[in-house]
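Under the numbering used here, the first residue of the sequence shown carries the number 267, and numbering increases by one thereafter.
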Amino acid sequence: MSDKKILEESVVNFFSGKKEYRSLSNFWENDIVLTINDTERTYESGEHCFHGEKYFRIGELCKDEKRRQVLISHGIKFIKPSVYINCAEAKKMGGKKGLSLTMEELALWDNISRVVQKEICDYKFRLYQEVRNDLLKSGNKLLIHPAMRCSEEKLETRIWEGKGVIRDGKVSVIGGNALGNLWTKLRINAVL
Numbered sequence: 267m268s269d270k271k272i273l274e275e276s277v278v279n280f281f282s283g284k285k286e287y288r289s290l291s292n293f294w295e296n297d298i299v300l301t302i303n304d305t306e307r308t309y310e311s312g313e314h315c316f317h318g319e320k321y322f323r324i325g326e327l328c329k330d331e332k333r334r335q336v337l338i339s340h341g342i343k344f345i346k347p348s349v350y351i352n353c354a355e356a357k358k359m360g361g362k363k364g365l366s367l368t369m370e371e372l373a374l375w376d377n378i379s380r381v382v383q384k385e386i387c388d389y390k391f392r393l394y395q396e397v398r399n400d401l402l403k404s405g406n407k408l409l410i411h412p413a414m415r416c417s418e419e420k421l422e423t424r425i426w427e428g429k430g431v432i433r434d435g436k437v438s439v440i441g442g443n444a445l446g447n448l449w450t451k452l453r454i455n456a457v458l
């Protein structure tokens, strides 16, 4: 069997531009509602939520009141109705083009981000039948959130994305594939 065929039978690549399994992507535009400390925040997508929560949660932990307000004010921009009209804009404004984070804040976010993403995945799983259907349909295949237009060398440093490759006749994943891993754990632990 060819490497391509092995990958086709063993891996599900999910991203917003691909109709099948798109519900697993943060770019899938359906509301996400998180309740944090009795405060409910509604976002237009997982991407809006991921970046909005970044600024809220770092802001809530910030001891400098002025900086705290700057962070939370930026987080508010991601709440529905967001000033960022689509997921790509939300990603851009939650990243290097948006409000810059200090090295300390980035380290803090690195620890918090997986918790936030798990909350997003859990919410989508509970509320949306399409998500549950996609997980059921994926069977026991590896769930991979691919990095587009990224060399394998750069992919090694990616936390959220991955790429399925064949090494020594077996499927291996390059990159952290944290989003795919979260969905896989949810699928394993869920009664679909």
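No residue lacks a Cβ here, since even glycine has one placed at the ideal position from N, Cα and C.
Residue of Asn447, Arg307 and Arg380 minimising C-alpha distance to Asn406: If you number the sequence shown from 1, residue 406 lands on position 140. Of Asn447, Arg307 and Arg380, the residue nearest in Cα terms is Asn447.
C-alpha gap between Met359 and Met267, whole angstroms: In the sequence shown, counting from the first residue as 1, residue 359 sits at position 93. In the sequence shown, counting from the first residue as 1, residue 267 sits at position 1. Going by the C-alpha atoms only, they are around 44 Å apart.
Beta-carbon separation (whole angstroms), Arg424 vs Gly442, contact threshold 8 Å: By one-based count along the sequence shown, residue 424 stands at place 158. By one-based count along the sequence shown, residue 442 stands at place 176. The distance from the Cβ of Arg424 to that of Gly442 is about 6 Å, consistent with a contact at the 8 Å cut-off.
Given 8 Å, three or more beta-carbon pairs between the segment 397 to 412 and the segment 324 to 339: no
For Asp388 and Arg453, the rounded distance between their alpha carbons: Start at 1 with the first residue of the sequence shown, and residue 453 comes out as number 187. Start at 1 with the first residue of the sequence shown, and residue 388 comes out as number 122. So the two alpha carbons sit approximately 11 Å from each other.
Uninterrupted alpha helix (DSSP H) stretches inside the segment 285 to 352 (no shorter than 4 residues): 312 to 327 and 331 to 342
Sheet register partners of Gly283 (DSSP bridge): Here residue 283 is taken as the residue at index 17 of the sequence shown, counted from 1. By DSSP's assignment, Gly283 forms no beta bridge with any residue.
Host beta strand (DSSP E) of Ile523 (start-end): The first residue shown for the chain is 267 and the last is 458, placing residue 523 beyond what the model contains.
N-terminal and C-terminal residue of the beta strand (DSSP E) that Gly446 is part of: The sequence position of residue 446 within the sequence shown is 180, counting from 1. It is not in any beta strand (DSSP E) - Gly446 instead sits in the alpha helix (DSSP H) that spans Ala444 to Asn455.
N- and C-terminal bounds of the alpha helix (DSSP H) containing Leu372: Position 106 of the sequence shown holds residue 372. Its alpha helix (DSSP H) spans residues Met369 to Leu393.
Per DSSP, cross-strand counterpart(s) of Ile425: Residue mapping note: residue 425 aligns to position 159 of the sequence shown, counting from 1. Per DSSP, Ile425 has no beta bridge partner at all.
C-alpha gap between Leu402 and Lys332, whole angstroms: Along the sequence shown, one-based indexing puts residue 402 at 136. Along the sequence shown, one-based indexing puts residue 332 at 66. One C-alpha to the other measures close to 47 Å.
Residue span of the beta strand (DSSP E) that contains Lys436, given as start and end: Position 170 of the sequence shown, counted from the start, is the residue given in the question as residue 436. First-last of the beta strand (DSSP E) with Lys436: Lys436 to Ile440.
Stretch-stretch touch, CB-based, cutoff 8 Å, three pairs: the segment 429 to 438 with the segment 271 to 285: yes
Buried or exposed by the 16-neighbour rule on C-beta atoms within 10 Å, applied to Leu409: Within the sequence shown, residue 409 is the residue found at index 143, counting from 1. Counting Cβ neighbours within 10 Å, Leu409 comes out buried, since at least 16 surround it.
Cβ neighbour criterion (16 or more within 10 Å) applied to Glu286: On the sequence shown, position 20 is the one that residue 286 refers to. Glu286 is classed as exposed because its beta carbon has fewer than 16 other beta carbons within 10 Å across all chains shown.
Contact check, Ala356 vs Glu313, beta carbons under 8 Å: In the sequence shown, residue 356 corresponds to position 90, counting from 1. In the sequence shown, residue 313 corresponds to position 47, counting from 1. Yes, they are a contact pair.
Segment contact flag, the segment 298 to 311 with the segment 358 to 376, C-beta cutoff 8 Å, min 3 pairs: no
Rounded straight-line distance, which links the Cα of Glu427 to that of Thr450: Your numbering for residue 450 matches position 184 in the sequence shown. Your numbering for residue 427 matches position 161 in the sequence shown. About 14 Å.
Beta-carbon separation (whole angstroms), Gly318 vs Phe344, contact threshold 8 Å: Sequence index remark: in the sequence shown, residue 318 carries index 52 (1-based). Sequence index remark: in the sequence shown, residue 344 carries index 78 (1-based). Taking the Cβ atoms as the reference, Gly318 lies roughly 3 Å from Phe344, within the contact range of under 8 Å.
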